[in-house]
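Just so you know, we're using this note's numbering here: the sequence shown kicks off at 5 and counts up by one.
The beta carbon of each residue, even a glycine, is placed where N, CA and C say it ideally should be.
Keep in mind it's a predicted model, so treat the numbers as computed, not measured.
Below is one structure, written out as structure tokens; comments come after it.
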Amino acid sequence: MQSTAPKYAQYPVHIYNSLRNQKEEFIPIHPGFLGMYVCGPTVYGDPHLGHARSAVTFDLVFRYFKFLGYKVRYVRNITDVGHLEDEVNEQGEDKIAKKARIEQLEPMEVVQYYTTRYRNFMAMLKVLPPSIESTATGHIIEQIQMIEKILEKGWAYEQEGSVYFDLNAFAKVKSYGELSGKVLEELQVASRNLEGQSEKRGPHDFALWKKAKPEHIMRWPSPWGWGFPGWHIECTAMSTKYLGIPFDLHGGGLDLQFPHHEAEIAQCVAATDKDPANYWMHNNMLTIDGQKMSKSLGNFISLEQMFSGDSELLEQAYSPMTVRFFMLQAHYRSPVDFSNKALKAAEKGLKRLMQGLSLLESLEYPPVSAPEPSIEKEIEELVEACYQEMGDDFNTAKVLAVLFDLTSKVNSFYHGQIPLRSISKEVFEKVRNTYRGFVIDVLGLEPENTSGENRIEGLVELLIDIRQNARAQKDFATSDKIRDDLKAIGIVLKDEKGGGTSYSVE
């Protein structure tokens, strides 16, 4: 009798916790529930590959916890105010206000346009929408209330209509720098004088609220005058509003670890005497041919360019599923280097995985079974390995390797190298459910609209069957002609040990 217990009772998840730089078993605050907050985009331009890396990483986390039976509340924010051009030193113009000024638009026109673009491209990548997608401008009241608490406790000060977090005072009493490893004294030694820093007590005090000049187009009334919130306070206010204090998991890109996430922790501790999250996850960066992606280096690729091929850096267009598959080939904590060669290899890998899914779903279990324990054991170990590798800090690279091993088994069943009756129907259903569950539900990979390609694949499979019959009848002239003619059009057949045949497209 099949167990009705949720999968998470059987399959624990271990997460590399950036807060303590070690893998830890995930223990939810409330059994069976997960509260997760991830820093989303600042919507002043088109989404690019860097946005996709973070979105796909935490979409995977969202999907897998749901797959295990957790009830997940996933909150991702939209930053639509307060993100300045120089985010580390809090200098320059608000990114959205600048875009609105240049384009002669209302700031919320810019926000709406690029938010819609972001959502549309994420949908193409099969990134599921979060449970809650909150905006900074929609939570001004909550941010002001949190700033007031920090002021009341003496961890912030007002200066000429702006409010700053007093990092020196905080660091003397509370721990600071645990997440990023940054030491305040070292930062202060390395700091440089910047315009507008004179009103701060310390060079690394960060703004909770910034005074806005009358001509500033994004400003709100506050107890300290007209202004706008600092970038860091936004996430603290929104995450704790919807997930409580503390919540389970906070995620984001490695580039946000300092100063953004470090500031989030300090603010939350100052306001509530509690750390905001029990687990912190950070995905690594993305490079293009070994270099950091940057507009100034001329190697910047938007998702629109990636999917259309409209970039000098691209030899062709790459589908959303190819891009997603490519990202999943690397562990989320490892850097990902985009190149045309690697993307073309990802195309082939994705195609092979989807062929395996198609063959598996076409198989019909025979009426008579004759299970062989050794074969069943090997198959069941592969099924278990999917859960073990995903539970080991979401190791998608190893999960894909296991799924390709299962693909080989499926091919063997399909071509008769291993009789399907050599495993029980129960094991067969477990293989089918696991393969489909991990490929589609967990990894988020889906067959693309390639009806023409599917017809070609069907024809190739038909020719392989005809060739196998010819070989069985020792008609080697027909067998060789089929092989040679297919090779002439770029389809290479490979005869496997045991009698089956696979093919690749060159």
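Quiz item: Identify the residues that DSSP records as bridge partners of residue 506: which are they?
Solution: Note: residue 506 sits in a beta bridge opposite 498.
Exercise. Taking residue 249 and residue 276 to be in contact with their CB atoms under 8 Å, please state how far apart those CB atoms are, rounded to whole angstroms.
Key: Residue 249 to residue 276, Cβ: 5 Å. Contact.
Self-check item: the stretch 45-54 / the stretch 302-313 touching (three or more Cβ pairs under 8 Å)
Solution: Using a Cβ-Cβ distance cut-off of 8 Å, the stretch 45-54 and the stretch 302-313 are in contact, since at least three pairs of beta carbons, one from each stretch, lie closer than that value.
Quiz item: For residue 374, does the three-state DSSP call read helix, strand or coil?
Solution: Looking at residue 374 - three-state DSSP - the assignment turns out to be coil, as it is neither helix nor strand.
Quiz prompt | Buried or exposed (CB count within 10 angstroms, at least 16 for buried), residue 544 | solution = There is simply no residue 544 to check, as the chain begins at 5 and stops at 510 in what is shown.
Practice problem: Let me know the secondary structure DSSP gives residue 22 once reduced to three states. | Solution: Secondary structure of residue 22 (DSSP, three-state): coil.
Quiz item: Near residue 402, which residues of its chain fall below 6 Å by C-beta distance, leaving aside the five closest residues on each side in sequence?
Solution: So the list reads 393, once near-sequence residues are dropped.
Self-check item: Collapsed DSSP secondary structure at residue 226 in the structure displayed
Solution: Of the three classes helix, strand and coil, the one that applies to residue 226 here is coil, per DSSP.
Quiz prompt | Through-space distance from residue 431 to residue 373, alpha-carbon basis | solution = Approximately 11 Å between the Cα atoms of the pair.
Exercise. Kindly indicate which three-state DSSP category residue 47 falls into: helix, strand or coil?
Key: Reduced to three states, the DSSP call for residue 47 is coil.
Quiz item: Where residue 77 and residue 17 are concerned, what is the direct C-alpha to C-alpha distance, given to the nearest angstrom?
Solution: Between residue 77 and residue 17, the C-alpha separation is close to 17 Å.
Exercise. Output the distance between the C-alpha atoms of residue 446 and residue 67, rounded to the nearest integer angstrom.
Key: Rounded to whole angstroms, residue 446 to residue 67 spans 5 Å at the Cα level.
Self-check item: Exposure label - residue 371; buried when at least 16 CB within 10 Å
Solution: Flag for residue 371 reads exposed.
Quiz item: Are the CB atoms of residue 22 and residue 284 nearer to each other than 8 Å?
Solution: For residue 22 and residue 284, yes; Cβs fall inside 8 Å.
Exercise. Consult DSSP for residue 174 and reduce its assignment to one of helix, strand or coil.
Key: In the structure shown, residue 174 sits in a helix (DSSP, three-state: H, G or I).
Quiz item: By how many angstroms is the C-alpha of residue 330 removed from the C-alpha of residue 409?
Solution: Distance between the alpha carbons of residue 409 and residue 330: 18 Å.
Practice problem: Give the secondary structure of residue 8 by DSSP, where H, G and I count as helix, E and B as strand, and everything else as coil. | Solution: DSSP places residue 8 outside both helix and strand once states are collapsed to three, so it counts as coil.
Quiz item: Is it buried or exposed for residue 13, if we count other Cβ within 10 angstroms and need 16 for buried?
Solution: Under this definition residue 13 is an exposed residue.
Quiz item: Straight-line CA distance for residue 288 to residue 233?
Solution: Approximately 28 Å, taken between the alpha carbons.
Quiz item: Can you tell me where the beta strand (DSSP E) with residue 257 in it begins and where it stops?
Solution: In this chain, the beta strand (DSSP E) harbouring residue 257 covers 251-257.
Quiz item: Per DSSP, residue 396 forms a beta bridge with which residues?
Solution: Beta-bridge annotation (DSSP): residue 396 is paired with 18.
Quiz prompt | Neighbourhood of residue 259 by C-beta distance below 7 Å, restricted to the same chain and skipping five residues each side | solution = Shown here for residue 259: same chain residues with a beta carbon closer than 7 Å to its own, the five before and five after excluded, namely 289 in chain order.
Practice problem: Indicate whether residue 262 and residue 184 have their beta-carbon atoms separated by less than 8 Å. | Solution: With respect to the 8 Å criterion, residue 262 and residue 184 are classified as neighbours on the basis of their beta carbons.
Practice problem: Could you check how far apart the C-beta atoms of residue 367 and residue 449 are, in whole angstroms? I think they sit under 8 Å. | Solution: In this structure residue 367 is not in contact with residue 449, their Cβ atoms being roughly 20 Å apart against a cut-off of 8 Å.
Exercise. Can you tell me which of the three DSSP states residue 133 falls into?
Key: Here DSSP, grouped into helix, strand and coil, assigns residue 133 to coil.
Exercise. Look at the alpha carbon of residue 338 and the alpha carbon of residue 64, and state the distance between them as a whole number of angstroms.
Key: Each residue's Cα considered, the two are about 15 Å apart.
Quiz item: Taking DSSP as the reference, what is the three-state secondary structure of residue 210?
Solution: If DSSP states are grouped into helix, strand and coil, residue 210 belongs with coil.
Quiz item: When you compare only the Cα positions, how much space is there between residue 385 and residue 280?
Solution: C-alpha separation (whole angstroms): 39 Å.
Quiz item: Under the three-state reduction of DSSP, which class applies to residue 260: helix, strand or coil?
Solution: Taken through DSSP and simplified to helix, strand or coil, residue 260 comes out as helix.
Practice problem: Please work out which residues of its chain come closer than 6 Å, Cβ to Cβ, to residue 171, disregarding the five sequence neighbours upstream and downstream, and give them in chain order. | Solution: In its chain, beyond the 5 residues on either side, 206, 208 and 209 have a beta carbon closer than 6 Å to the beta carbon of residue 171.
Exercise. Using a threshold of 8 Å, state whether the C-beta atoms of residue 73 and residue 11 are closer than that.
Key: With a cutoff of 8 Å on beta-carbon distance, residue 73 and residue 11 are scored as near each other.
Quiz item: With DSSP run on the structure shown, which of helix, strand or coil describes residue 28?
Solution: Three-state DSSP puts residue 28 in a strand.
Quiz item: In whole angstroms, what separates the C-alpha of residue 336 from that of residue 131?
Solution: Note on geometry: alpha-carbon atoms of residue 336 and residue 131 lie some 15 Å from one another.
Self-check item: Distance between residue 239 and residue 455 (C-alpha atoms, nearest Å)
Solution: Residue placement at residue 455 is poorly supported in this model, since its pLDDT is 48, which falls under 50; the coordinates are not used for a value here.
Quiz item: Between the Cα of residue 407 and the Cα atoms of 220, 388, 31 and 180, which residue gives the shortest distance?
Solution: Answer by Cα proximity: 388.
Self-check item: For residue 148, the nearest candidate out of 82, 341, 31 and 213 (CA to CA)
Solution: Residue nearest to residue 148 within the set 82, 341, 31 and 213 is 213 (criterion: CA-CA distance).
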